[in-house]
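Let me begin by presenting the structure, written as structure tokens, before commenting on it.
Protein chains: 2
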Amino acid sequence: MTDDGVWKALADPTRRLILDELAECDGQSLSGICARLARRHALGHSRQAVSQHLAVLEAAGLVWVRREGRYRFHDLNTAPLEHIAVRWLRPDLSGDAP
Amino acid sequence: MTDDGVWKALADPTRRLILDELAECDGQSLSGICARLARRHALGHSRQAVSQHLAVLEAAGLVWVRREGRYRFHDLNTAPLEHIAVRWLRPDLSGDAP
DNA sequence: TTGATGCGCAAGCAGCGGCTTGCCTAAGGT
DNA sequence: ACCTTAGGCAAGCCGCTGCTTGCGCATCAA
Numbered sequence: 000m001t002d003d004g005v006w007k008a009l010a011d012p013t014r015r016l017i018l019d020e021l022a023e024c025d026g027q028s029l030s031g032i033c034a035r036l037a038r039r040h041a042l043g044h045s046r047q048a049v050s051q052h053l054a055v056l057e058a059a060g061l062v063w064v065r066r067e068g069r070y071r072f073h074d075l076n077t078a079p080l081e082h083i084a085v086r087w088l089r090p091d092l093s094g095d096a097p
Numbered sequence: 000m001t002d003d004g005v006w007k008a009l010a011d012p013t014r015r016l017i018l019d020e021l022a023e024c025d026g027q028s029l030s031g032i033c034a035r036l037a038r039r040h041a042l043g044h045s046r047q048a049v050s051q052h053l054a055v056l057e058a059a060g061l062v063w064v065r066r067e068g069r070y071r072f073h074d075l076n077t078a079p080l081e082h083i084a085v086r087w088l089r090p091d092l093s094g095d096a097p
């Protein structure tokens, strides 16, 4: 929604790693992401930590969630990423100034 | 030089506002930025707060500093912004393919 | 010189953010 | 029925961070 949530979500390196994993293999479950982070990045975070990270990413609109049975699959949404960095790349952009 | 500093610098809304001001009017001094933030965005931050924000932006490579006399002019550098968000925009061709 | 301006340094405080722990429910397999 | 797996909720701890305050130094004008 607002850019603030996107920037905050991207501020954490663990969340950026989660986006990396989803970019490489989309539609993973929570425990699947936990396993990948532990195996490929030596991340000793608990399941709750990853779940909270995913909640932040979801609130920012960077991750979409769909439930199937007892699973919770996460899909990457790169739409918010395409307009946030362009904010300063142009000379003058609409935003706050009337 | 690592992306981590750039993401951390961009996580704060005040620092993003500073980048906005520099994008609109480059090469401002510290007190000039303070005045603009106070007048245009109703930011009651002290000079030290803005100075520390500028230090973070400088450490991230987003702002270049040049001293002239007792002034300290700040120039925006958008180079780090052009490659950080593209990290997840490419579907699959990242990897190690030559 | 004196005074004012522009800025740096360092300690200190309050709030937030990331992570854990513990207990809980739901779904699926045997 | 039982047990395991997948995930949710809430409280709590601790480190980081943003901001302030106070003092000190350098530069420019009178």
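Protein chains in written order, with numbering that gives the first Met the number 0: chain E, 0 to 97; chain X, 0 to 97.
The C-beta atom is built at its ideal place from N, Cα and C for all residues, glycine as well.
Nothing here was measured: the structure is a model prediction, and the numbers come from that model.
For this session: Under 8 Å Cβ to Cβ from Gln27/E, same chain only, skipping five residues before and after it: list those, please.
Result: Glu20, Leu21, Arg35, Phe72, His73
Exercise. Of all the CB atoms in chain X, is at least one closer than 8 Å to the CB of Ala10/E?
Worked result: Output row for Ala10/E: interface = yes.
Exercise. Near Ala8/E, which residues of its chain fall below 7 Å by C-beta distance, leaving aside the five closest residues on each side in sequence?
Worked result: Arg14, Val55, Leu56, Ala59, Leu61
Exercise. If we count the other Cβ atoms within 10 Å of its Cβ and call it buried at 16 or more, is Cys24/E buried or exposed?
Worked result: exposed
Exercise. Any Cβ of chain X within less than 8 Å of the Cβ of Thr77/E?
Worked result: Yes, contact with chain X.
Exercise. Taking the alpha helix (DSSP H) that Leu9/E falls in, what are its first and last residues?
Worked result: 2–9
For this session: Please classify Leu88/E: is it buried, with 16 or more other beta-carbons within 10 angstroms of its beta-carbon, or exposed?
Result: exposed
For this session: Could you check the C-alpha separation between Ile83/X and Ile83/E for me, to the nearest Å?
Result: 11 Å
For this session: Compute the distance between the beta-carbons of Leu18/E and His40/E, then report whether it is under 8 Å.
Result: no
Problem set entry | When Val85/X, Pro79/X, Leu42/X are compared against Val5/X, the one with the closest alpha-carbon | Among Val85/X, Pro79/X, Leu42/X, the Cα nearest to that of Val5/X is on Pro79/X.
For this session: Could you tell me the boundaries of the beta strand (DSSP E) in which Asp74/X lies?
Result: 70–75
Exercise. Which class does Gly94/X belong to by DSSP, given the choice of helix, strand or coil?
Worked result: Residue placement at Gly94/X cannot be trusted, given a pLDDT of 42 that sits under 50; what the coordinates show is reported in the next sentence. DSSP places Gly94/X in coil when its eight states are reduced to three.
For this session: Mind checking the region 32–46 of chain E against chain X and listing, in chain order, the residues whose C-beta falls within less than 9 Å of any C-beta there?
Result: none
Exercise. Exposed or buried, which one is Val49/E when buried takes at least 16 other CB atoms within 10 Å?
Worked result: buried
Exercise. Which whole-angstrom value is the C-beta distance of Ala37/E and Gly43/E, which I expect to be below 8 Å?
Worked result: Your pair Ala37/E and Gly43/E checks out as a contact, with CB atoms roughly 7 Å apart and the cut at 8 Å.
Problem set entry | Which listed residue (Ser45/E, Ala10/E, Glu81/E, Asp3/E) has its alpha carbon closest to that of His2/X | Sequence inspection shows Asp at residue 2/X; the His mentioned does not correspond to that position. The option with the nearest alpha carbon to Asp2/X is Ala10/E.
Problem set entry | Range of the contiguous beta strand (DSSP E) that encloses Val85/E | No beta strand (DSSP E) holds Val85/E; DSSP gives it neither H nor E.
Exercise. The alpha helix (DSSP H) spanning Leu18/X covers which residue range?
Worked result: 12–23
Exercise. Ordered along the chain, which non-local residues of its own chain (more than five positions away) have a Cβ less than 6 Å from that of Arg46/X?
Worked result: Cys33
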